[in-house]
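Data block below; observations after.
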Amino acid sequence: MPHESFRPSRPRRARRRVALATAVVLGASLALAGCASGSGDGRSDITFLISKPEAIPFFRDLVERFNGEQSDVRVTLDSASNLSAGFLRGSPPDVGLLNYNEEMARFMERGALSDLGDMPEAERIRPDVQELVDQYATYPGRTSVLPYSVAAASVIYNVGIFEENGIEVPTTWDELIEACKTLEAAGITPIYSTFKEPWSVGQGLFDYTVGGSVDVANFYDELHELGTEVGPDSTVSFEKTLKPPVEKMVELAEYTNDDAASRSYGDGNVAFAKGEAAMYMQGPWALGEIAKTNPDLELGTFPLPVTDDPDDLKVRVNLDLALWVPEVGTDKAAARKFIAFLMQKEIMDDYNAEFLGFGTTTDAAPATDPRILGMQEYYDDGRFYQGASKFVPLSIPADNYMQAIVTGADVDETLARLDADWARLALRG
Amino acid sequence: MTQAAARPIPLTSPREEAVATTSTTTTRTTRRRRRRVGQEKTNWGTMVILLLCALTVLLPLYVTVSMSLKSTTQAVDGNAFSLPSPIDFSGFATAWELTNFPVAFTISILVTVGTVVGTVILAALASYAIVRNWEHRLFRWSFFYLLAAMFLPFPVVALPQIQLTGLVGLANPVGVTILHIMFQLSFSILLFTAFLRSIPLELEESARMDGATTWQTFRQLIFPLLAPMSATVAIFAFLASWNDFMMPSLIIADSSQQTLPVVQQIFQTQFSTNYNVSFASYLMAMAPAIIVYLFTQRWVMEGVTQGAVKG
Amino acid sequence: MSTPITTAAASAGSLVDEVEHVHVDHLAGAKADRRGRPRVDRIYYLFLVPTLVLFTLAITVPAVLGIFYSFTNFIGFGDWEFIGFTNYIAVFSDPAILSSYLFTFGFAIVTVLLVNVIALLLAIGLTSRIKLKTGLRAVFVIPMVISGIVIAFVFNFLFSNSLPALGSSLGIPWLSESILANPDLAWLAIVIVSAWQSIPGALLIYIAGLLAIPGEVYEAADIDGATPWYKLRSVTLPLVAGYVVINVILGFKNYLNVYDVIVGLTNGGPGTATRSIAMTIFTGFTGGDYAYQMANATIFFIIAILISVLQLRLTRGRAAIS
């Protein structure tokens, strides 16, 4: 048999084409991937996360202003990324301006947020407001968070309806129930509820009833200490300490609209704006929405009385916006520049005036909007508490439990489940 | 290396065999007649049942097409079975823009093509190496090692993969392509090694005698012979990658770089009750795979039934 | 010659046997190493090792890392410390996790049964004497090529609008509302859509298996005057047993990982009634419960391995043979 030299045959061309195609594909993909990053004009690029929907336009303008006023730093506004995901991938936003609660505190506890205590802006923060941060958790030796705006919330009420029915603002629990009964007799829904959305139950009926009768910060302090020992026999527990206020919450729920279980936040704002109910358990963020439907509606606020002693009245506050810079940020110096810009007095005062927040600094201007003016004195006197629902980490669906309770679930069982979840969470640190 | 030995399936039990032989002579003519009649007789009952079952497949497809062709006003009433009247293509235009279809489509294509090419090449090479060096430990153990991944559920490695791809800058379609290839390897290597064992050694030996190196043998002899199995592997890899939702949704950090299935979910809330837009979007996402399948279904069927009739 | 799928199945079923049969592959002219085996051509390493390395980096390393972190309280970033088996203890007492296992396994068992019974019957129908064979076979495979989440959205629409409309016109109360909002019935929707999607795959394997049965077998049965039922029970079923095994193993493994279909239909709802194991694990990504869910994932992994080993053991003799 003659030896044929092994000549490359036609398949070689096909193989070359495949190799070329692969290279093109890989190259295109890499180019696409690389498309996202890279600027190359000497400016530091940092991302700024703000997810409070109503405030996004306000901050978008501020970002444009900042980018225009200087050429060292370019800020990109982000409003959608998931925080845990960003931290997990090692690419969190460079500056965060978000609601501060137990969930955020977890990040801080693990040292994920850098120390901002040496910034001059940090000195201006009111001590009792800074303490709100510490109520959740602390990271020793650091001021990881700078409070930006405090939202004070209490019961929103329709001034006109109250006057028409001769109802005075209640200062005790009995007066409140009286008022509800009067309204019911007059055919008016006393309270408008939106049970379809768990958060509205948590930060509404639940937080108000609990905060008005229990020392929330203390309660959670002791819960943290008890850790795995929380249960029906421990000194404090959900099922023991919170049972009375939760039962009051259930009682109040009877004075709400029948279709509450299928009503959402949007529905509630519109309905209340149209005067379909006398009271609304929402925060200042709803005031803007209500005004969209009925800008002339006269509204006021009063803290929900849960006891018989008017001196127990307190308003619910939360750190609606707080600034932080992650430890693994790309350019912490640039981030701090932006923070210094944001924390200028005029800008903070502008924000709080427009969004009905209370200033966190010692030099903050007082509130002027009549709708929240009633809470100024409580805020100034320090008669406030942070909502109980905000002290529970997200892996325990406290809001959903409260939603279940107001729609009929058994109070003891659900609170006991809360205790069990807490104990289990404490077990694994 | 022995070829796959054809172990015959016992045709009959001993009892049946005995009966068959005794009745062979007496019934030979009847059997022949019966056989001819049997081959012509169509089982209509089964046909009807099958056609009815085919409806359950075609119904959702019909609904998708019909809803996508409706006007916005007609689509809102949520009646799935009414015919579109008038026929309105605006749903497609809106969906195209809203979901940024061209970008998502391109990304899906790149990821899928990358997966298919990468899987076929890497699996074929690895399988050949394994099969031709079975007696060496490294290759034998590699086979079981690579195969073990078939039993590894994605959720088990999902979180660390999200973390690692993020840290090395692969939280994008490229990372998804690489991961798709890796997850397809087990099954593909299984298919290729099985197929390779049926290729007679003599073919390769004659090539070697002609002076071909291993690489040349693979490229010009083995790989072309693998074509039917490469097609099967390619089709499985294509479907797995094109239709995958889980991995891209978790791995790709930037939602503007997402693949087609994920994009459907991202825009779900924005479709609200504009059903014609959402169904147009679903149709555009489904169509490429269905078209590719219709063109290649002959190969799929052949791959499944190849030679089985003779066996 | 046998079909690619059956030969692949043969490999799967006889993996253990293969190890015992070390074949010597003597290519003409190859030199022997000191153990008398032919020396490995260098290039084979190039064929295998890069893939091996890439595979290890992409799959093995994350798996090991994940298992490692399950013994810590790592939330994905920041400080962490070892806490031993604490996460595992917590997993076993977590009602949310236990109910996700219950749901997922229940779903998998029901779906495996449904899919295999229907696929086998369809396969028998499609391999019998009917017209339009290729057309029908092509139609029945289409569900397999559609993305899980897309078809889930389509069925979501049908379950939320068309089915309730039908139910209320027929006067059936539980059908008049979307079953997707019913915590007791939502799982049925997941089963239906998953089955719809998986039947083609099983169907193809059964067709391959049925076509491999020689016609003489049935003729012999016919001679004995066998009824169709007898033929199905005592002739067909034993001969496709190996294929049933493959479908059950592959199917069960896939159903345990169910995710796409759930996202499209109920997203785990109503409440957490249809939350699968995969879904629960993924919350560790966006909810900062990384190490805890890694413990969950590791337990899931061990269970998956045990089930696969069990299945392989039970079916060692019965896997489809070429």
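Chains as they are written, first to last, in this note's numbering: chain R, 1 to 429; chain G, 430 to 740; chain C, 741 to 1062.
Every residue, glycine too, gets a C-beta built ideally from N, C-alpha and C.
Computed from a predicted model, the values in this text were never measured in an experiment.
- For the pair threonine 1006 of chain C and threonine 1014 of chain C, the Cα-to-Cα distance works out to about 7 Å.
- In this structure, the beta-carbon distance from glycine 595 of chain G to glycine 111 of chain R does not fall below 8 Å.
- Arginine 89 of chain R reaches chain G at Ile591, Gln592, Thr594, Gly595, Leu596, Ala600 and Ala682, counting residues in chain order whose Cβ is nearer than 8 Å.
- Excluding residues up to 5 positions away in sequence, Ile46 and Asp94 lie with their Cβ nearer than 7 Å to the Cβ of threonine 330 of chain R in the same chain.
- Listed along the chain, the chain G residues whose CB falls inside 7 Å of the CB of tyrosine 983 of chain C amount to none; the nearest CB is some 11 Å away.
- Scanning the segment 267-341 of chain R for uninterrupted alpha helix (DSSP H) segments of 4 residues or longer gives 284-293, listed from N- to C-terminal end.
- In this structure, DSSP gives asparagine 703 of chain G a state outside helix and strand, which the three-state scheme calls coil.
- By DSSP's assignment, proline 147 of chain R forms a beta bridge with R/Ala322.
- Within the same chain, no residue comes within 8 Å of leucine 842 of chain C by CB-CB distance, once the 5 residues on both sides are set aside.
- Closer than 8 Å to the CB of phenylalanine 338 of chain R there is not a single CB belonging to chain C.
- By the beta-carbon neighbour count (other beta carbons within 10 angstroms, threshold 16), valine 793 of chain C is exposed.
- Taking the CA atoms as reference points, serine 519 of chain G sits about 38 Å from valine 477 of chain G.
- The C-beta of phenylalanine 568 of chain G comes closer than 8 Å to at least one C-beta of chain C.
- One thing to note: phenylalanine 302 of chain R has its Cβ no nearer than 8 Å to the Cβ of valine 210 of chain R.
- Under a 10 Å Cβ-count criterion, isoleucine 930 of chain C is classified as buried, with 16 or more other Cβ atoms of the shown protein chains found around its own Cβ.
- The C-beta distance from phenylalanine 674 of chain G to valine 691 of chain G rounds to 6 Å, short enough to meet the 8 Å contact threshold.
- Contact between isoleucine 889 of chain C and valine 1003 of chain C holds, since their C-beta atoms are separated by about 6 Å, short of 8 Å.
- Excluding its 5 nearest sequence neighbours in each direction, isoleucine 125 of chain R has C-beta neighbours in its own chain below 7 Å: Leu146, Pro147, Thr360 and Thr361, listed in chain order.
- Taken through DSSP and simplified to helix, strand or coil, valine 998 of chain C comes out as coil.
- Residues of the same chain with a CB within less than 7 Å of the CB of proline 968 of chain C, apart from the 5 flanking positions on each side, do not exist.
- With respect to leucine 853 of chain C, isoleucine 947 of chain C sits apart: the two C-beta atoms are not nearer than 8 Å.
- One finds Ile783 in chain C with Cβ atoms closer than 8 Å to the Cβ of tryptophan 644 of chain G, taken in chain order.
- With respect to the 8 Å criterion, asparagine 813 of chain C and alanine 1044 of chain C are not classified as neighbours on the basis of their beta carbons.
- The three-state reading of DSSP puts threonine 502 of chain G in helix, counting H, G and I together.
- Distance from the CA atom of phenylalanine 219 of chain R to the CA atom of leucine 132 of chain R, rounded to whole angstroms, is 14 Å.
- Rounded to whole angstroms, leucine 943 of chain C and tyrosine 970 of chain C show a C-alpha spacing of 22 Å.
- Put simply, the CB of phenylalanine 895 of chain C is far from chain R, with every gap to its CB atoms at 8 Å or more.
- Using beta-carbon distances, glycine 187 of chain R does not count as an interface residue toward chain C, since no partner is under 8 Å.
- Between lysine 871 of chain C and chain G, the shortest Cβ-Cβ separation is below 8 Å.
- Look at the segment 957-985 of chain C: the residues with a C-beta under 7 Å from a C-beta of chain G are Val957, Ala960, Ile963, Asp964 and Leu979.
- Scanning the segment 807-854 of chain C from its first residue to its last, the whole alpha helix (DSSP H) runs of 4-plus residues come out as 826-832.
- The segment 538-550 of chain G makes contact with the segment 659-666 of chain G: 3 or more CB pairs, one atom from each, lie closer than 8 Å.
- Setting aside the 5 residues that flank it on each side, tyrosine 983 of chain C is surrounded in the same chain by Ile945, Tyr946, Gly949 and Ala1060, each with a C-beta closer than 7 Å to its C-beta; the list follows chain order.
- Residues of chain C whose Cβ lies closer than 7 Å to the Cβ of methionine 676 of chain G do not exist, since the nearest Cβ in that chain is about 10 Å away.
- Taking C-alpha positions only, serine 916 of chain C is separated from leucine 898 of chain C by approximately 12 Å.
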